[in-house]
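K.L.:
Numbering (this note's numbering), first residue to last: 653 to 890.
Heads up, the beta-carbon is just placed ideally off N, CA and C, and yes, glycines get one too.
My questions will all concern the structure given below.
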């Protein structure tokens, strides 16, 4: 027959542990009772906490006073909102201007930079070779672009860019610096004629110093000959 297994009894806990746990519970209850009967104040509450920490052997810790950052990375919303509003308005206006130009048959590039939007127009669409007077065919498109941007009161910089080929046969134009600047100034003058605020306009000519493609191929040179309408929305535009 299989022997019956005897149940092994766990060794009994020392009686003093039971008495000690009862004592701790009673003391905690006593402290809570006293605390509930007292008038609560920050000083008394802090003292009560310190008493419990001492009783339970908990080391108190020091809470450092919070300090502000020297250079907070995030601007207050009330300062940030006008900037976001201006950025959004400029983006909407620039997108409408691009749409007008492309519907009129001019293929443009629209660039979004850190502090500005750029509408890049091939100069060969607007000007004849070596010329700085725009083709009359495209003046209505430029006028509509001016109207859209003027409605938002945007700061504009009109930039002229050329390829690196020298200029020989055109009167009044010595080099690409003259050509690029005259083209930019001519666009600005048309915008002024159409009512754009003069304190919101500037012109710049960069000749061939800011190429966006290689000047070794006809395709690259065509890309470098361009007019850029730069819409300024950064701090410098305020």
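Taking 8 Å as the limit between beta carbons, can you name the residues of its chain near residue 827, skipping five residues before and five after?
P.N.:
Result list for residue 827: 818, 819 and 859, in chain order.
K.L.:
Buried or exposed: where does residue 759 fall if 16 or more other Cβ atoms within 10 Å of its Cβ makes it buried?
P.N.:
Under this definition residue 759 is an exposed residue.
K.L.:
Based on the DSSP output, what are the partners of residue 759 in its beta bridges?
P.N.:
Partner(s): none; residue 759 has no beta bridge.
K.L.:
So the candidates are 682, 684 and 846; which of them puts its Cα closest to the Cα of residue 800?
P.N.:
Of the listed residues, the one whose Cα sits closest to residue 800 is 846.
K.L.:
Would you mind stating whether residue 774 and residue 874 have Cβ atoms separated by less than 9 Å?
P.N.:
In contact: residue 774 and residue 874 (Cβ atoms closer than 9 Å).
K.L.:
Taking a contact to mean a Cβ-Cβ separation below 9 Å, would you say residue 885 touches residue 767 in this structure?
P.N.:
The answer is yes: Cβ separation under 9 Å.
K.L.:
Quick one: residues in its chain with C-beta nearer than 7 Å to the C-beta of residue 668, no 5 flanking neighbours on either side, listed in chain order?
P.N.:
Residue placement at residue 668 cannot be trusted, given a pLDDT of 49 that sits under 50; what the coordinates show is reported in the next sentence. Excluding positions up to five away in sequence, the list is empty.
K.L.:
Comparing alpha-carbon positions, which option in 872, 678 and 762 lies nearest residue 883?
P.N.:
Residue 762 is the option with its Cα nearest to residue 883.
K.L.:
Please report how far the alpha carbon of residue 834 lies from the alpha carbon of residue 872, in whole angstroms.
P.N.:
Distance between the alpha carbons of residue 834 and residue 872: 22 Å.
K.L.:
For the beta strand (DSSP E) holding residue 789, just list the boundary residues, first then last.
P.N.:
Run containing residue 789: none; DSSP gives neither H nor E here.
K.L.:
Rounding to the nearest angstrom, what Cα-Cα distance links residue 752 and residue 796 in this structure?
P.N.:
If you take the alpha carbons of residue 752 and residue 796, they lie about 7 Å apart.
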